[in-house]
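Quick note, the sequence shown lines up with residues 1 to 276 if you use UniProt numbering.
Glycine residues also receive a C-beta, built at the ideal position from the N, C-alpha and C atoms.
Below is one structure, written out as structure tokens; comments come after it.
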Amino acid sequence: MAATTQARAPKGGHKHQIVRAYLSDLIANELTIGDAVPSERVLTEKFGVSRMTVRQALESLVADGVLQREQGRGTFVAPQHTDFEMRLTTFGEEARRLGLVPSTQVIDSDTLAAGRVVAEALGIAPEDRVHYVERLRFADGTPMAVERAWVPVTLAPDLLDDGVPDSLYGALRERGHSPTWGEDTIMAAEASTAEQAILAMTNVRAVLRAHRKTYSDDGACMYSQMCYRGDRYSVVVPLREARPTIVPRLAPAPELHAEPAPGAGTTGTTGTAETA
């Protein structure tokens, strides 16, 4: 009868940390993205620990984005997240900065009335015309985000005359409306069925939504809505030490005194006001 080998968790550490360390080493050296990790039963027998301990180790790696669970199938090595830093750049510029190859597929483009939401974001009237562009963004061939953007027609009347430009920011710069700053609102959400399909998301519905208002020196020049894959995308926000805002103190206005009449004494006079 064959003997079974059981790895006992050594003393001096929490048992779930030992299991986690084993899994981390396995993922780093033997497994690739999409590979299944050993089941809870196998790990329980291997380390001689409870299923709760094994589950704690697995859940910690799921929380870190290293593993992902698929209901009814098991636990698998998760795709690596791409850390995009929030800055006023295009998707392509940021992808290239990270050493990734960006590409784009145009889904739709049109010129239409702004409507209430877009008009409010751009500071224009709902009936004003805007160029609308919807694109699917890729990094190294993997769909990463769906982008919808609106640009006031008054800033770039011919924007779509020759098709959608490679860079909307670049097109605005060429027309004298260089983006100088922006404001992002980011929220966690669930992908719609259409977004889940176009982003090739399986068994995952979590996405990050970012609404951006982009400004040039002349005012709002573009409004965009991005839907990023939650399983492949993480956001890095640079933080700096808060410094006190220096508000100059207004000096009191100098006291003005009437010029003394000819022959009058000037003792105690601290200033004079010229007469007209």
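Rounded C-alpha distance that separates residue i from residue j
i           : j    : result
G163        : D108 : 11 Å
A188        : V207 : 6 Å
residue 278 : A113 : The question about residue 278 has no answer, for the chain in this structure spans 1 to 276.
Q56         : V37  : 14 Å
H16         : D64  : 15 Å
R20         : L61  : 7 Å
residue 309 : R135 : Residue 309 lies beyond the range of the chain shown here (1 to 276); nothing can be said about it.
H14         : D140 : 39 Å
E174        : M201 : 36 Å
T142        : D231 : 12 Å
V54         : M222 : 50 Å
G74         : R137 : 30 Å
D217        : D25  : 52 Å
Three-state secondary structure (DSSP) of residue i
i    : result
R41  : helix
S234 : strand
G92  : helix
S24  : helix
Q71  : coil
D184 : strand
G123 : coil
S192 : coil
A220 : strand
T53  : helix
H14  : coil
V77  : strand
E85  : Below a pLDDT of 50, predicted positions are generally treated as unreliable, and E85, at 49, falls in that range; the measurement from the model is reported next regardless. E85 falls in the strand class under three-state DSSP.
Beta-ladder partner(s) of residue i, from DSSP
i    : result
C227 : V146, R209
Q105 : L136
P152 : V130
L112 : V130
G163 : D161
Option in the options with minimal Cα separation from residue i
i    : options                : result
V130 : G115, M144, L23        : G115
V235 : E174, S224, A191, M144 : M144
L67  : G99, G34, L43, L160    : G34
A191 : P102, R41, A210        : A210
C227 : L168, E195, L122, S24  : E195
V117 : Q225, S167, R229       : Q225
A220 : E127, P126, A121       : A121
H177 : L98, V133, V153        : V153
T111 : P102, Y132, Q105, A119 : Y132
T90  : V204, P165, T75        : P165
T104 : W150, R212, L199       : L199
D128 : W150, T32, G141, F138  : W150
P157 : R148, S167, L172       : L172
E40  : E30, M52, L31, T32     : M52
T44  : Y22, G72, N29          : Y22
CB contact check: residue i to chain C, cutoff 8 Å
i    : result
G123 : Protein chain content of the structure displayed is limited to a single chain, and chain C is not contained in it.
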